[in-house]
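Position 215, counted from 1, in the sequence shown is what full-length UniProt numbering calls 215; the numbers after and before it change by one each time, with no gaps. To keep things clear, I will list the structure first and then write my remarks on it.
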Amino acid sequence: MTPILQTRTPLHFLNPNKDALVADFVGKPLNALRTPAFIVDRAVFAENCRKMHENARSWGATFRAHLKTHKTVEGTKLQLVSDTGRASAVAVSTLMEAWGVVQGGLVADGTVKDILYGLPIGLNKLDDLSALHAEMTKYGGTVRILLDHLDQVKFLEEYERKQEHPKKWSAFIKMNGGLKRAGILPEPVSFKAFMRRVFASSAISVFGFYTHAGYSYGSTSAEEATSYLTGEVRLTNDAAAMAMEVLAESDNREVNNQPFVLSVGSTPTALSATAAAKLKMTSILNGTLELHTGNYPMLDLQQLHTTLIGHPQISQKVLVTVISYYPGRGSDGQDEAMCDAGAIAMSKDTGRIPGFGEVIGKSWKLGRISQEHGILVQVPPDPESGRTDPTLKIGDTIEIVGQHACLIAAAHSWYYIVDSDEGGDKVVDIWVPWKGW
């Protein structure tokens, strides 16, 4: 196999200094902040985390917190430890997140004991992952990887043969449940052939089977989300059953995790993971259940559309300033206005709810966006959500809930933290996310 040049996470990547930001901003009212500003309500964030621990416990599953939405030390702690539960397993979407967990002291203090790199393994990142593996091992922790192609297996073997102390990588097999984003299809002949090769590998120990029902974002009821969750379980369970058939013929039975872990979840399906949902599963499980999800602490308009949450559960918003006003310019003679937040601050993601964001308390929405500014358009009053005030003028600071919290958060260099249990009108902390790859 052609050698692949290795790359390392740029840990010297310049991140803002939290202490300086805290000194500058904590105690200030929101109207004193430069806009656009990303605001997170810590109390709501924490309550969402507590409820997810309840869901996992009532569903009889362990829990793995995905960190990709917030990418912070503080948010990770809230995801893993609450009044109703405790977990120590996380998934990350970048190695910068993984190293942020380590450098933030969360491995040394025992908060995080298990890190899954949540993409099919990048072959140019093995040196970096090996260094992470060594660091985790020092504290009794584990690094896990995702596999979905035989070339990944071959390269891992070649890589480990060159090491002074070869190791086995703990791996989830990523399953494609129809999203066509990543994963291997559960077609019996090809899947069993894949598993025979994996089980025979000197570089891999199979930990379990992993899938993500991203299509569940189209859910509009708990029943629909539960059906997606059941489908995730069925997919990983069937994969485990086929793997067990192959493993029964293998000489490497003892080096693979037993029972296999069946890791399922997305925010909509995880929100529907209850004891009642588990009763609807009729098949005998060929492993133990693990629930993984990441958007749920913040939430957004895409999640609101599923009807599994309400406005009070959304913990994030973007504070913006109205910078111009255009009477009668909109459709049907409605007024429009301009704000200082556009695609960079709000992302260009859309959803089933029209527009790029809803203005809190106002009968306006973010209807169009350019790079650094957005056009606000009037909408009919919505008493159910409290969006009834039609007034808007130049200089107003308003709050917008956007479509996709993960991408919105990624645009901001730090988050202003408020706490509705403490009034919610002043900055109480600053969270600095891990930036880069």
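A virtual CB, placed ideally from N, CA and C, is assigned to each residue, including glycine.
- A distance below 8 Å between beta-carbons, with the five flanking residues on each side excluded, links A409 to the following residues of its chain, in chain order: F38, T69, H70, K71, M298, Q316, Y415 and P433.
- For R64, DSSP records a beta bridge to A89 and H292.
- Exclusion of the five residues before and after Q313 leaves V44, N48 and L299 as the residues of its chain whose Cβ lies within less than 7 Å of its Cβ.
- Beta-carbon to beta-carbon, L289 and A61 are separated by about 4 Å, close enough to satisfy the 8 Å threshold.
- By a beta-carbon distance limit of 8 Å, V22 contacts D429. Their separation comes to about 7 Å.
- Judged by DSSP secondary structure, Y139 falls outside any alpha helix (DSSP H); it is assigned neither H nor E.
- In this structure, F209 is the residue among N124, F209 and K426 with its C-alpha nearest to the C-alpha of P259.
- By the criterion of at least three beta-carbon pairs nearer than 8 Å, the stretch 26-35 is in contact with the stretch 319-329.
- A Cβ-Cβ separation of about 6 Å places P120 in contact with A182 under the 8 Å criterion.
- Distance between L150 and R57, taken at the CA atoms: about 35 Å.
- Taking 8 Å as the cut-off, the Cβ atoms of G361 and G386 count as close.
- Remark: C-beta atoms of D109 and G141 do not approach each other more closely than 8 Å.
- G402: member of the beta strand (DSSP E) spanning T397 to G402, first to last residue.
- Beyond the five residues adjoining it in sequence on each side, A240 comes within less than 7 Å, by CB distance, of F209, F260, L262, N286 and G287 in the same chain, given in chain order.
- Looking only at E187, F199, S190 and T391, the smallest Cα-Cα distance to F172 is reached by F199.
- The C-beta separation of M175 from T236 comes to about 6 Å, placing the pair in contact by the 8 Å criterion.
- Collapsing the DSSP output to three states places L116 in a strand.
- Around the beta-carbon of K180, fewer than 16 other beta-carbon atoms lie within 10 Å, marking it exposed.
- In the structure shown, the three-state DSSP call for A37 is strand.
- Under the DSSP assignment, G357 falls in the beta strand (DSSP E) whose first and last residues are G357 to V359.
- Here DSSP, grouped into helix, strand and coil, assigns K154 to helix.
- Rounded to the nearest whole angstrom, the C-alpha separation of T226 and D128 is 38 Å.
- Distance from the CA atom of V153 to the CA atom of C339, rounded to whole angstroms, is 51 Å.
- Taking a contact as a CB-CB distance under 8 Å, the pair F63 and A87 counts as one, their CB atoms being some 4 Å apart.
- A direct Cα-Cα distance of roughly 10 Å separates K435 from P10.
- For the set E135, L123 and H165, the Cα lying nearest the Cα of L147 is the one of L123.
- Nearest to T230 by C-alpha distance, out of T211, I204 and E245, is T211.
- The C-alpha of I353 is placed about 12 Å away from the C-alpha of T307.
- Every beta strand (DSSP E) stretch that sits fully inside the UniProt domain "D-serine dehydratase-like" (315-419) and reaches 3 residues is listed by chain position as 316-326, 336-339, 357-359, 364-369, 374-378, 397-402 and 415-418.
- In the DSSP assignment, P29 forms a beta bridge with K426.
- For V206, the enclosing beta strand (DSSP E) has its first and last residue at I204 to Y210.
- Closest in alpha carbon position to G27, among I417, W431 and L366, is I417.
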